[in-house]
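Read in order, the letters of the sequence shown correspond to residues -18 to -1, 1 to 217 in mature numbering (1 follows the signal peptide of the UniProt record, and there is no 0).
Beta carbons: idealized from backbone N, C-alpha and C, even for Gly.
Keep in mind the model is a prediction, meaning the values are calculated, not measured.
This report refers to the structure that appears directly beneath it.
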Amino acid sequence: MKKPILVLSLLLSSVLLTGCLNDPAEVLTGPRLSPVGSGLRTQAEPIPVTPRVRTPVSYRSTWDDGTDLYRDPRARRAGDVVTVIISMQDKAKLDNKTDRSRDSQIKFGLDWLMDVAGWSDKGSTSANLSTNTQIKGNGQIDRTEDIKLSIAAIVTDVLPNGNMMISGSQEFRVNTEMRVLNVGGIVRPRDISRTNTISYEKIAEARVSYGGRGNLSDVQQPGWGHRIYDAVAPF
């Protein structure tokens, strides 16, 4: 009677632990898309902006004083959209090898002869100490990255000096796998091109992440039990 209860308890614990790591609703249906606007993260206090007063349009007027006929299409205010171009071609190769050894040997000897009040003593002693240490290390890094992406970001805030904070995200779902692209940082208005685009290397405090979640990503990662063991194992 106790054995079935133990097995049931273990199964229930496994289900609860699995639910803590993943959304139970996504186990069979796959990852769900995030709500629109959830990727906007305001990292500074918003600056109050004086609303623009729109001049009433007179009857049979050709021009509207409240519109800007020659307005620059580049993003300048909170809520405007700018396109971020990510083009990264990076290749790095590093070889490092360390070989260090040291031998040390110490010899010590002492002879004595004493004669005190008719009592004499004679002897000798010696000590020998030797050490040997050796350290070897070998490391190699061979990395190649080729990323070309573009993402639309929204101006979330305008700083006092005119620089703008941007944040953008994209989600692509293919079957049961979700690919997520996030970008954020601070840009200068002068770095935005006439086509309302900006290259990622001109973004200060740039935060670019590209990953995913779903069945494929879960298979590529070790199980939660293995990760817990690696975290607490002393060796």
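Taking the alpha-carbon positions, what's the A134 to A74 distance?
-> 29 Å
Per-residue burial, S70 [other beta carbons within 10 Å of its own, 16 or more giving buried] | Per the sequence shown, residue 70 should be read as Met rather than Ser. The residue is exposed, with fewer than 16 neighbouring Cβ atoms inside 10 Å.
Residues in its own chain within less than 7 Å of R58 by CB, not counting five upstream and five downstream?
-> P171
Look at the Cβ atom of V162, then the Cβ atom of S175, and state whether they are nearer than 9 Å.
-> no
Confirm, please, whether the CB-CB distance from G121 to K184 is below 9 Å.
-> no
Where does D173 sit, in a helix, a strand or coil, going by DSSP?
-> helix
Starting from R59, trace the beta strand (DSSP E) both ways and give me its first and last residue.
-> Counting along the chain, R59 falls outside any beta strand (DSSP E), and DSSP gives it neither H nor E.
Would you mind giving the Cβ-Cβ distance between S149 and T115, rounded to the nearest angstrom? I have them listed as a contact below 8 Å.
-> Their Cβ separation, rounded to whole angstroms, is 53 Å, which puts S149 and T115 out of contact at 8 Å.
Should I129 go down as buried or exposed, given a rule of 16 or more other Cβ atoms within 10 Å for buried?
-> exposed
Which residues bound the beta strand (DSSP E) around Y192?
-> 186 to 196
Using a Cβ-Cβ distance under 9 Å, would G61 count as near chain C?
-> Absent from the structure is chain C; it holds one protein chain and no more.
By how many angstroms is the C-alpha of S112 removed from the C-alpha of G193?
-> 55 Å
To the nearest angstrom, how far is it from the Cα of I180 to the Cα of D139?
-> 17 Å
Measure how close the beta-carbons of V169 and N143 come, nearest whole angstrom, since I'm counting them as under 8 Å.
-> Not quite, the Cβ-Cβ distance comes to about 12 Å (not below 8 Å), so this is no contact.
Opening and closing residue of the beta strand (DSSP E) in which G150 lies | 146 to 156
Kindly list the residues whose CB is nearer than 7 Å to the CB of D124, restricted to its own chain and excluding five residues on each side of it in sequence; keep chain order.
-> K75
Taking all protein chains shown into account, do 16 or more other C-beta atoms lie within 10 angstroms of the C-beta of residue 218, making it buried, or fewer, making it exposed?
-> No answer is possible for residue 218: the residues shown for the chain start at -18 and end at 217.
What's the gap between the Cα of I67 and the Cα of L141?
-> 22 Å
Is V190 closer than 9 Å to N164 when the C-beta atoms are compared?
-> yes
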